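Numbering (the working numbering), first residue to last: 6 to 365.
Don't be surprised by glycine CBs; every beta carbon is placed ideally from N, CA and C.
Fair warning: this is a prediction, and the values are worked out from it, not measured in the lab.
Since the structure comes first, as structure tokens, the remarks are kept for the end.
Listed below in structure tokens is the structure:
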């Protein structure tokens, strides 16, 4: 296929992980020429998930979101790698036609990492969630991934055992995920406890409290606070040096207070949405999309705008982290963008434009 190459630069120095051999990976996965060259040359790359494009926003706004996210990455000095499955081939980096198809085709499926093998075998087209995107990005050698919010432990877990696949997957991949915490419709304390149990490092960016996705703070503390992209890059390099068990680094970047959803409105509408879900007997994977849609409708779009504000900030920060990480490696030349080296809480604001979320 023009503009894509069936190889993974990162595999040469890190080794393929997961269920596929090198030959099988080459047959089932395509890396765009731009991403492949950036990885080969050691330039910064930021992975982006595609579920927000296909399932998280109304058309045609979703395509504008996808294009803007990629431009935000470029503006930060990095190369965007939007990830999806197209006709049974995992794609790391999408050309405009594929991006448009993911945005416009109503038959596009939602794929977690457990769905990748059947999707590839059956030749379907699907948008990747946090877990699938993180898995494919890590296997390709990409170190930084930007999304909206992670999936997590659902409310009432003791009765339903409902937990996002994001958490266990992140415990086994060496990728840095920049996010606005976990979705506030979930059980945030239980999710943080689960991440601790799984050995996933969580740091707050410019904050001492874990973000609440739509809200700047969930009220839950974080053990570590970092304030510059260079500090985050230093942690990534320390992970590299330590070796040992692989796991993700979660960088929790709060939406600025000026752009968060009104906390009182959030709490009231979420309580109503949870009651409505119970009344309608909505369970399992259907809960999250139902609640997100309920919040969007009953906050008159304010929750969606807070979501988009959070993702814009996450994408900007991810590009700066990827750039700082690349600049700090032995023999690496600093890419064309510079960081001030100092940050205040909430500095990675949204500016203008649109963007999205991920996970379960």
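| Check | Outcome |
| --- | --- |
| Environment of residue 338 [buried if 16+ CB atoms lie within 10 Å] | Confidence in residue 338 is poor, its pLDDT being 47 and thus under 50, which makes the residue's placement too unreliable to answer from. |
| Three CB pairs or more closer than 8 angstroms across the stretch 74-86 and the stretch 109-125 | no |
| Any alpha helix (DSSP H) of 4 or more consecutive residues that is wholly inside the stretch 24-89 | 27-33, 38-46, 66-80 |
| Residue 233 classed as buried or exposed, judged by whether at least 16 other C-beta atoms fall within 10 angstroms | buried |
| Inter-stretch contact at 8 angstroms, needing at least 3 Cβ pairs: the stretch 55-66 / the stretch 100-119 | yes |
| Separation of residue 283 from residue 289, as counted between CA atoms | 12 angstroms |
| Straight-line gap, residue 146 to residue 88 (C-alpha atoms, nearest Å) | 13 angstroms |
| Residue 79 versus residue 38: straight-line alpha-carbon distance, rounded | 16 angstroms |
| Check whether residue 159 and residue 255 have beta carbons under 8 angstroms apart | no |
| Cβ neighbours of residue 278 in the same chain (closer than 8 angstroms, five flanking residues each side left out) | 190, 295, 296, 299, 300, 303 |
| Cβ neighbour criterion (16 or more within 10 Å) applied to residue 111 | exposed |
| Contact between the stretch 190-199 and the stretch 230-244 (3+ Cβ pairs under 8 angstroms) | no |
| Beta-carbon proximity check, residue 175 vs residue 139, cutoff 8 angstroms | yes |
| Span separating the alpha-carbon of residue 169 from that of residue 149 | 21 angstroms |
| Distance CB(residue 326)-CB(residue 183) smaller than 8 angstroms | yes |
| Within the stretch 112-157, ranges of the alpha helix (DSSP H) (whole runs, at least 4 residues) | 121-127, 135-145 |
| Sub-8 angstroms separation of residue 179 and residue 251 beta-carbons | yes |
| Test item: CB-CB of residue 246 and residue 216 under 8 angstroms | no |
| Cβ neighbour criterion (16 or more within 10 Å) applied to residue 126 | exposed |
| Buried or exposed (CB count within 10 angstroms, at least 16 for buried), residue 269 | exposed |
| First through last residue of the beta strand (DSSP E) which encompasses residue 172 | That residue, residue 172, is in no beta strand (DSSP E); its alpha helix (DSSP H) goes 170-175. |
| Distance between beta carbons of residue 315 and residue 227, contact taken as under 8 angstroms | The pair is not a contact, with the Cβ atoms about 16 angstroms apart (cut-off 8 angstroms). |
| Residues that residue 220 bridges to, as DSSP identifies them | 217 |
| Reduced DSSP secondary structure (H/G/I, E/B, other) of residue 256 | strand |
| Three-state class that DSSP yields for residue 304 in the structure shown | coil |
| Beta-carbon proximity check, residue 193 vs residue 223, cutoff 8 angstroms | yes |
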